[in-house]
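So for the sequence shown, my numbering puts the first residue at 47; every next one is plus one. Just so you know, even glycine gets a beta-carbon here, dropped at the ideal spot from N, CA and C.
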Amino acid sequence: MKSAIMGFPREWDGRKAILELKAADYNWRQMEWFGFYFEYLCVTRLHGLLQIPGDRFSFVRPNGRKTFVTFDMKGTINWDIKSKAIKTDDHRSILNDQEATDRSVREYGAHGLVIALS
47 MKSAIMGFPR
57 EWDGRKAILE
67 LKAADYNWRQ
77 MEWFGFYFEY
87 LCVTRLHGLL
97 QIPGDRFSFV
107 RPNGRKTFVT
117 FDMKGTINWD
127 IKSKAIKTDD
137 HRSILNDQEA
147 TDRSVREYGA
157 HGLVIALS
């Protein structure tokens, strides 16, 4: 997995990335092209190395609603794909559901994040 990720392009041209997404019919009309392009790179380059998508967990919330969480990828552990612009005032990032992530850690002993920073 590491060698596949290390082969990702280091610089992304927005126009070229969106055209690549369009050719693949993969969320190319979204404003958040950076996140969808990173997800596309992960899905296309890690397919075969990891199960895509990963595990799907369901929970019943205190309000009685059933919630489903699906992780992006799975090898020996579940993985999430995240992207974040670093030139912002807010250096926090929204991750997946805490209860689902905790359950993933309990079941597999770890949980992975693949993060792109722009």
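Candidates the options: closest to residue i by CA position
| i | options | result |
| --- | --- | --- |
| A63 | A50, K48, F80 | F80 |
| T113 | S139, M52, D143, L95 | D143 |
| E85 | R56, M52, D126 | D126 |
| E78 | K128, D136, H137 | K128 |
| K120 | T134, E153, Y72, G100 | G100 |
Alpha-carbon to alpha-carbon, residue j and residue i
| i | j | result |
| --- | --- | --- |
| P108 | G155 | 26 Å |
| R102 | C88 | 19 Å |
| G158 | S164 | 20 Å |
| L96 | S49 | 13 Å |
| S104 | S150 | 12 Å |
| R61 | H93 | 25 Å |
| R91 | I51 | 8 Å |
| A162 | K130 | 6 Å |
| R111 | E57 | 42 Å |
Cβ-based burial, residue i [other Cβ within 10 Å; buried from 16]
| i | result |
| --- | --- |
| A70 | exposed |
| D118 | buried |
| V115 | buried |
| I223 | In the structure as shown, the chain begins at 47 and stops at 164. Residue 223 is therefore absent and cannot be evaluated. |
| V160 | buried |
| L67 | buried |
| F82 | buried |
Paired residues, beta bridge with residue i - DSSP
| i | result |
| --- | --- |
| I161 | K128 |
- Query: Which whole runs of the beta strand (DSSP E) in the stretch 89-143 are 3 residues long or more, in chain order?
  - Reply: 102-106, 112-116, 124-130
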